[in-house]
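Okay, so here's the structure we're looking at.
Set out below in structure tokens:
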């Protein structure tokens, strides 16, 4: 079964545990600037919004890469960077409509979410379940259930 | 690892930024943050230094866990000699500034001397600059924050700044980072202002590593579970924030009211955490929008709130910063009691507005509210009149007067500048020093020490002046953590305070939030530090560090003339009995607890640290 990251901004407290987990998994260091997931605080609106790659099926980044350094992991559905092939041309960062592929000046390669090979650290680190890893075919399940509960006829 | 082992020393007189190695011998003995910076202070700033002179130095310091995935590990402290008390000051803040400093590669940033003109400090990893701040001098924290983000074209800058109050010499000005987190107490913002420093803007991209990652993840994951399963850190604080305490403390008759004349506040439920969840009439929204976590915090006691758009403080006031009409850092219990029950104001929106002002202009709401309350008592007694207040009818319960005073202190204007000297100086000036609820010149926090006896001993002996965050025996006396003790009894409280004070000093030196101590003991902290840091970090070693830090602070205060002679409570606390509630008839038994406390500390009957104790702790 393929899985997807599911994000519920209403549960996010902006603590950045996910960013640290991500940077540690990817770079071996606690460093939000090296995270593939970012939390955006909207101060006056009073909300924190986690954002990362949605793993598009027809991935712009993958199609744009001139050296085929972005490949599909068939098991997880993730589009993964092959570091040995990436030349750091950044075309993928331009192609991605969502901004979720970014250049890492320290390594000269791009970085993006790879779902940690099917066991995403951000979801495990999130203390409020704002980020969860769920059945890719049923990412709407919880939301549907909430609305179903509202539509439930009174006994 | 875990320490970056690098310090950035900024000399504002000379205009230099110089890297130097962290003194690791001291780090071994004092750990980090509160302990380690206090060691630097005691070595570099003579105890008799004028706090607002260029000879005072300000230390902004992280702990070894700061910047890691340990829960709450985003803290930093500001250590300096306090202009409010003359004693050692150490104010601890969350948000995202401490972790950014560590990520930029610095354990500590030292500000010494005084700049001839207003400046701000820009730190981007190794690059540090002193830059002109003329355009933001005279502006609020929030305006300075916006200007710096725009000027550096960097939305991810982390900024700590002072407001106008800190520029004008209000003695309890705070340093505010990330718009609404505060290094709040003892006037650390005033010291920053005295150096002509408006802000520090940080950007770090280096990251933080730990010594033994596998052990670290095991220890921090286990410790997070302890927090999640604890009734206070897993339920009470997430649900209602620090305001979870308002109704609890009021019901046990320890809610300071009307400048501590009373200990039960009739309007408490109207300004409580529960009230923050109730939908209001005007727009159907509650005061609370959502919880906010500081960096790495899995508790999330922080509140994001709005003010009722139809409240007089904001309605039709288009010149206010837009945040007053939107969301910002909401009401905390310490602000709610000081600006609320102590002044007799039971208007939730007035308090939220005043809290926003404290954040925007960098004020300690505890000292502010307490000072306004003392002025209200003086006003009602006829000692001061509208001639002194600039026309303000300063009666208890007058929300508009409380707000007017807050605005005046925030801008250091007129009567506000007089209130800005704190309640000890204010009451002294008007000939009624006994009406100031202070120890070492710092205003009391939210717990009547006649109703919670151990807290009286805590206030009297607190090294930074009256404070709840130096030895929070409320945990034991009210909440039963780690064991329940009788709040009305003095017996055993000396040992209890000492245990809390020592453990707290260790927590405060590690880079984590003291709120974890509702659930964690040093048994939970030691494995996290041991995995993060080189060397062996045991419970015993941390306990000893805590005791060493406490005694070091005490020795500094002794030398500043603020030792045993300052271990006193205001006469109201020891001679005027509580008038109603569960503690009716009680006064604080400081005279019973203090000799026992001195003896158990290994101090002389006068409260001096003895040669034996010094030798035992390596001081």
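Chains as they are written, first to last, in this note's numbering: chain H, 126 to 280; chain Z, -11 to 607.
Positions of the beta carbon are idealized from the N, C-alpha and C atoms, including for glycine.
For the 7 Å CB-CB criterion, residue 232/Z and residue 272/Z do not form a contact. 259/H is the residue among 153/H, 259/H and 250/H whose C-alpha sits nearest the C-alpha of residue 179/H. Between the beta-carbon of residue 25/Z and that of residue 89/Z there is about 13 Å, and that puts the pair past the 8 Å contact cut. For residue 222/Z, the CB contacts under 7 Å within the same chain, skipping 5 residues up- and downstream, are 215 and 216 in chain order. Chain Z places no beta carbon closer than 7 Å to that of residue 178/H, leaving this residue out of the contacts. DSSP places residue 0/Z outside both helix and strand once states are collapsed to three, so it counts as coil.
Assignment of residue 240/Z by DSSP, reduced to helix, strand and coil, places it in the coil class. In this structure residue 159/H is buried. Its beta-carbon is surrounded by 16 or more other beta-carbon atoms within 10 angstroms. Distance between residue 419/Z and residue 119/Z, taken at the CA atoms: about 45 Å. Across the set 309/Z, 253/Z, 282/Z and 368/Z, the C-alpha of 253/Z shows the shortest separation from the C-alpha of residue 327/Z. According to the DSSP secondary-structure assignment, residue 176/H is paired through a beta bridge with 163/H.
Boundaries of the beta strand (DSSP E) harbouring residue 48/Z: 45 to 50, taken from the DSSP string. Between the C-alpha atoms of residue 457/Z and residue 225/H there is a straight-line separation of about 42 Å. Between residue 111/Z and chain H, the shortest Cβ-Cβ separation is not below 7 Å.
In the DSSP assignment, residue 133/Z falls outside any beta strand (DSSP E) and within the unbroken alpha helix (DSSP H) covering 129 to 140.
In this structure, residue 40/Z sits near residue 71/Z, with a CB-CB distance shorter than 7 Å.
At a C-beta separation below 9 Å, residue 86/Z has no neighbours in chain H, since its nearest C-beta there lies roughly 12 Å away. Around residue 504/Z, the same chain offers 60 as residues with beta carbons nearer than 6 Å, after the five sequence neighbours per side are excluded.
Within the DSSP bridge table, the entry for residue 293/Z names 276/Z and 316/Z as partners.
Here the C-alpha atom of residue 262/H lies approximately 36 Å from the C-alpha atom of residue 224/Z. By the C-beta density criterion, residue 276/Z is buried, having at least 16 other C-beta atoms within 10 angstroms.
With contacts defined as CB atoms closer than 7 Å, residue 57/Z and residue 155/H qualify as a contacting pair. The bridge partners DSSP lists for residue 35/Z come to none. Secondary structure of residue 132/H (DSSP, three-state): strand. Around the Cβ of residue 237/H, a 10 Å sphere holds 16 or more other Cβ atoms; the residue is buried. Going by DSSP, residue 589/Z is part of the alpha helix (DSSP H) stretching over 578 to 589. For residue 443/Z, the enclosing alpha helix (DSSP H) has its first and last residue at 441 to 449.
Close partners of residue 138/H in chain Z (Cβ separation under 7 Å): 279, 280, 281 and 288. Within the segment 143 to 178 of chain Z, complete beta strand (DSSP E) segments of at least 3 residues are found at 146 to 149, 163 to 165 and 169 to 171, given in chain order.
Neighbours of residue 252/H in chain Z, taken as residues whose beta carbon is under 9 Å from its own, are 59, 212, 215, 216, 281, 285, 286, 287 and 288 in chain order. Listed along the chain, the chain H residues whose CB falls inside 8 Å of the CB of residue 311/Z are 168 and 169.
Closer than 7 Å to the CB of residue 165/H there is not a single CB belonging to chain Z. Taking a 10 Å sphere around the C-beta of residue 281/Z, we find 16 or more other C-beta atoms and assign the residue as buried.
Taking 7 Å as the threshold, the shortest C-beta distance from residue 193/Z to chain H falls below it. Relative to the Cα of residue 571/Z, the nearest Cα in the group 397/Z, 580/Z and 561/Z belongs to 561/Z. For the segment 121 to 134 of chain Z, no residue has a beta-carbon sitting nearer than 9 Å to a beta-carbon of chain H.
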